[in-house]
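Protein chains in written order, with the working numbering: chain A, 245 to 391; chain B, 16 to 614.
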């Protein structure tokens, strides 16, 4: 069974996006990565899955908080409002280490909050762990659904 | 004139002393009235008593006269010398009473009447004395002379026995008649005897001459006794009775005179007592009322404003500043108090104002604290971003190099460089932002038109590269400001426009302005895609960018807003975000207030 994940990456910074994508691919975590550059793009992407037939339905969403047009917290609210999208785990991946941001994220039902590390190895390891954990979880959930 | 207004002109202590003085004077007046009325009553009573004394004295005199008359009557009837002594005793008592009366009688009329009484009394007593003498003389005549002559006549023997017997009978009968006359003085008894003597004995030739002369003497004695008795009785019955009558007449006049004052005097005493009673009561009640009214007015004039003042002070103590302070125009202690309270009121108002100012300052401070928090948070977040990029790509390059992909690794150097440049730009812009308003800034009149035209010419090359056309409409209005900061505003706006305009050759930038006496408005307009209305506020926030593709730190518009605030001006966007372009409006005051060197 394919443990890899369909991932949506919401990230305005091209360089950060490249870095994340590189690491996801290197660890072979992702099956497919769809990127949104700002809040509006992200919303469009989400709604396309809400309306869609479930094909390539995202397994997790990696999301930066400080993004143009619509910020991450608003996106979280929109996701958790939708019956169909609210089951997708949302992992906040941001440079902000502020308690306030963490609080706001968890208040709006973010599943995890990960601070982008300035240490490359740590960053790399985090991405791998993330893939392993959420991959296993998905496997577990789908096996229960089949049963 | 208002009574309270009038009263408040006097000090409270003066009012209290006035009240006390009034009450004391009133009490003295009431006491004086009481004393005076008692004095008048006492005088009246003394007068009354004097009259009474006189009247009783006169009554005593009357009584003496009555007793005198009785004694005289008894003496007349009995002729006893003891009675005469009693009469003399009464006379002496009367004389004493008369003397006493002389001492206390005052008016001339009274004294005259008393003198008349004295005169009549003297006449009475003199007459009595005379009557007593007359009686004793008669008694002497009867007992001595008449008896002697009778005896001599009866001894005559020169008459015949018959004649002698006759004479004897005559004498004895005459003597008997005489004694009867003495007890019951009917003069016929005497005259009968005399007639018999005359008719029988004086002309009878048979009677010897010497006997005749004896009989003649006897006859003369009889007449003498009769006359003496009649004189004595005349004195008693006519003269003394008359005097006694006069005496009682005068005494009753005197009594009348004395008592004629008693009736008016007693009614006057009663009238005076009544009027004293009424006026005294009325005056006492009036004074008590007056005292009460004065006390009430004075105490109210003190307590009413004091109560009001207490209320006001209570309000003031609770910080009230609206409290109306009563009696502030008074000249008394209340006025002084009110003036002091007014100072508190003003202080309260000032305190309130200061508190409000402090609160406002606190809010401002809180606001700037929040701003600072936000700033620190944003800065730390956005500064980390290029570091994450740099470190990330270095790691990635190591990875690539280790796996032999040297070429690919080298290709990442460009990203590294860009990331570091961005880092340095960020730091530069943040420094700029933090300097606005913090470092002393000179305010000078700006020749705006010339400055902006110079600025645009610096951009000429870059604009040419991107096929952008820029123009200034008309002549830009001039205003006061800090030259380098104002230039930075325009630089940022132009740079923004250039950044976001497409380079398809249609990109255009217009700059223009209007002005009146107070403000200057300048716009920077482009024909790009514009900014949707919902982002008009947001774009001025720190690190806020609408497009991820374009370069820039997201600090430029924050600097613009801060510079505009510093110049007491404002900035706003006019754009729909539908491709019809975007206009940034700047509004500056023509003159900068003098405090612009603050901060």
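A virtual CB, placed ideally from N, CA and C, is assigned to each residue, including glycine.
- Is there a Cβ from chain A that is less than 8 angstroms from the Cβ of residue 403(B)? For this step, residue 403(B) is matched to residue 388 along the second chain. It does; some Cβ of chain A falls within 8 angstroms.
- Query: Cβ of residue 408(B) less than 8 angstroms from any chain A Cβ?
  - Reply: Position 393 of the second chain holds residue 408(B). Chain A contact via Cβ: present.
- Query: Touching or not, the segment 541-558 of chain B and the segment 590-598 of chain B, by the rule of three or more beta carbon pairs under 8 angstroms?
  - Reply: The answer is yes - the segment 590-598 of chain B touches the segment 541-558 of chain B, with three or more Cβ pairs under 8 angstroms.
- If you count every other CB in all the chains shown that lies within 10 Å of the CB of residue 428(B), and 16 or more means buried, which is it? Within the second chain, numbered from 1, the residue matching residue 428(B) stands at position 413. It counts as exposed.
- Hey, residue 234(B) and residue 209(B) are a contact pair by Cβ (cut 8 angstroms); roughly how many whole angstroms apart? As a first step, residue 234(B) must be located in the second chain, where it is residue number 219. As a first step, residue 209(B) must be located in the second chain, where it is residue number 194. Right, the Cβ-Cβ distance comes to about 6 angstroms (below 8 angstroms), so this counts as a contact.
- Task: Taking residue 360(A) as the query, report the chain B residues whose CB atoms sit under 7 angstroms from its CB, ordered along the chain.
- Result: Residue 360(A) sits at position 116 when you count from the first residue of the first chain. Correct list: 403.
- Message: Along the chain, where does the beta strand (DSSP E) containing residue 535(B) start, and where does it finish?
- Response: Along the second chain, read from residue 1 onward, the residue named residue 535(B) stands at position 520. Its beta strand (DSSP E) spans residues 534-541.
- Residues of its chain near residue 440(B), where Cβ-Cβ distance is below 6 angstroms and the 5 sequence neighbours each way are ignored: For the purposes of this step, residue 440(B) is identified with residue 425 of the second chain, where counting begins at 1. Contacts found: 568.
- Whose CA, out of 426(B), 395(B) and 393(B), lies closest to the CA of residue 409(B)? For this step, residue 409(B) is matched to residue 394 along the second chain. Considering only alpha carbons, the answer is 426(B).
- Mind checking the segment 505-537 of chain B against chain A and listing, in chain order, the residues whose C-beta falls within less than 9 angstroms of any C-beta there? none
- Quick one, which of 450(B), 404(B) and 457(B) has its alpha-carbon nearest residue 436(B)'s? Position 421 of the second chain, counted from the first residue, corresponds to residue 436(B). Of the candidates 450(B), 404(B) and 457(B), the one whose C-alpha sits nearest the C-alpha of residue 436(B) is 404(B).
- Where does residue 494(B) fall in DSSP's three states? Working through the second chain from its first residue, we reach residue 494(B) at position 479. DSSP places residue 494(B) in strand when its eight states are reduced to three.
- Message: Give me the chain B residues within the contact set of residue 266(A), using Cβ-Cβ distance strictly less than 7 angstroms, ordered along the chain.
- Response: Counted from its first residue, the first chain places residue 266(A) at position 22. Simply 411.
- Assign residue 257(A) to one of two classes, buried (16 or more other C-beta atoms within 10 Å of its C-beta) or exposed (fewer than that). Within the first chain, residue 257(A) is the residue found at index 13, counting from 1. Buried, by the Cβ-count rule.
- N- and C-terminal bounds of the alpha helix (DSSP H) containing residue 401(B): Taking the first residue of the second chain as 1, we reach residue 401(B) at position 386. Run containing residue 401(B): 348-417, per the alpha helix (DSSP H) assignment.
- Task: Alpha carbon to alpha carbon, how far is residue 536(B) from residue 585(B)? Give it in angstroms, no decimals.
- Result: The residue you call residue 585(B) lines up with position 570 of the second chain. The residue you call residue 536(B) lines up with position 521 of the second chain. Using only the alpha carbons, I get a separation of about 10 angstroms.
- Query: How many Å lie between residue 471(B) and residue 510(B) at the Cα?
  - Reply: Within the second chain, residue 471(B) is the residue found at index 456, counting from 1. Within the second chain, residue 510(B) is the residue found at index 495, counting from 1. Computed Cα separation, rounded: 10 angstroms.
- Do you know offhand how far residue 512(B)'s Cα is from residue 389(B)'s? Against the second chain, residue 512(B) aligns to sequence position 497. Against the second chain, residue 389(B) aligns to sequence position 374. Approximately 27 angstroms, taken between the alpha carbons.
- Task: Could you tell me which of 583(B), 144(B) and 252(B) sits nearest to residue 8(B), measuring between CA atoms?
- Result: As displayed, chain B neither begins before 16 nor continues past 614, which places residue 8(B) out of reach and without an answer.
- Roughly how many angstroms separate the alpha carbons of residue 215(B) and residue 157(B), rounded to a whole number? Walking along the second chain from the start, residue 215(B) turns up at place 200. Walking along the second chain from the start, residue 157(B) turns up at place 142. Their Cα atoms are separated by approximately 23 angstroms.
- Query: Under three-state DSSP, which class holds residue 487(B)?
  - Reply: Numbered from its first residue, the second chain carries residue 487(B) at position 472. Here residue 487(B) sits in strand by DSSP.
- Task: Just list the alpha helix (DSSP H) runs in the segment 60-134 of chain B, keeping only unbroken ones of 4 residues or longer that don't cross its boundaries, in chain order.
- Result: For the segment 60-134 of chain B, the continuous alpha helix (DSSP H) assignments of 4+ residues that do not extend past its boundaries occur at 96-119, in sequence order.
- Under 8 angstroms between C-beta atoms, does residue 253(A) make it to chain B? Numbered from 1 along the first chain, position 9 holds the residue referred to as residue 253(A). No, residue 253(A) does not count as interfacial toward chain B.
- Message: Am I right that residue 284(A) and residue 332(A) are in contact with their C-beta atoms under 8 angstroms? What's the rounded C-beta distance?
- Response: Along the first chain, one-based indexing puts residue 284(A) at 40. Along the first chain, one-based indexing puts residue 332(A) at 88. About 19 angstroms; that fails the 8 angstroms criterion.
- Task: Could you spell out the range, first to last residue, of the beta strand (DSSP E) harbouring residue 11(B)?
- Result: Coverage of chain B is limited to positions 16 through 614, which leaves residue 11(B) absent and any answer about it impossible.
- Task: Given a cut-off of 8 angstroms, decide if residue 371(A) and residue 267(A) are closer than it, judged by their beta-carbon atoms.
- Result: Looking up residue 267(A) in the first chain gives position 23. Looking up residue 371(A) in the first chain gives position 127. With respect to the 8 angstroms criterion, residue 267(A) and residue 371(A) are classified as neighbours on the basis of their beta carbons.
- Query: Using a C-beta to C-beta distance shorter than 9 angstroms, which residues of chain A count as neighbours of residue 396(B)?
  - Reply: By 1-based counting over the second chain, the position of residue 396(B) is 381. Neighbours of residue 396(B) on chain A, chain order: 309, 310, 338, 339, 340, 341, 342 and 345.
- Segment contact, 8 angstroms Cβ cut-off, at least three pairs: the segment 170-184 of chain B with the segment 247-265 of chain B: no
- Task: Under 8 angstroms by Cβ, that's how I've got residue 186(B) and residue 236(B) pegged, so tell me the actual separation to the nearest angstrom.
- Result: For the purposes of this step, residue 186(B) is taken as the residue at position 171 of the second chain. For the purposes of this step, residue 236(B) is taken as the residue at position 221 of the second chain. Wrong, their Cβ atoms sit about 12 angstroms apart, outside the cutoff.
- Could you tell me which of 36(B), 160(B), 453(B) and 339(B) sits nearest to residue 232(B), measuring between CA atoms? For the purposes of this step, residue 232(B) is taken as residue 217 along the second chain, with counting starting at 1. Closest by alpha carbon: 160(B).
- Helix or strand or just coil, what does DSSP make of residue 444(B)? Against the second chain, residue 444(B) aligns to sequence position 429. DSSP places residue 444(B) in helix when its eight states are reduced to three.
- Task: Check residue 317(B) in the structure and name its three-state DSSP category.
- Result: Start at 1 with the first residue of the second chain, and residue 317(B) comes out as number 302. Residue 317(B) falls in the helix class under three-state DSSP.
- Message: I want to see whether chain B comes within less than 8 angstroms of residue 364(A), judged by CB atoms only; does it?
- Response: To locate residue 364(A), count along the first chain from 1; it is residue 120. For residue 364(A), the answer is yes, since a Cβ of chain B falls inside 8 angstroms of its Cβ.
- Query: Listed from N- to C-terminal order along the chain, which residues in the segment 421-438 of chain B have their beta-carbon within a distance smaller than 7 angstroms of any beta-carbon of chain A?
  - Reply: 430 and 434
- Task: Note down, in chain order, each residue of its chain lying with its Cβ closer than 6 angstroms to the Cβ of residue 610(B), except the 5 sequence neighbours on either side.
- Result: To locate residue 610(B), count along the second chain from 1; it is residue 595. Only weak support is given to the placement of residue 610(B): the predicted model assigns it a pLDDT of 48, under 50, and the question is left unresolved by the model.
- Item | CA-to-CA distance, residue 386(B) to residue 614(B), given in whole angstroms | If you number the second chain from 1, residue 614(B) lands on position 599. If you number the second chain from 1, residue 386(B) lands on position 371. Here the model assigns residue 614(B) a pLDDT of 39, short of 50, so the residue's position is not dependable and the matter cannot be decided.
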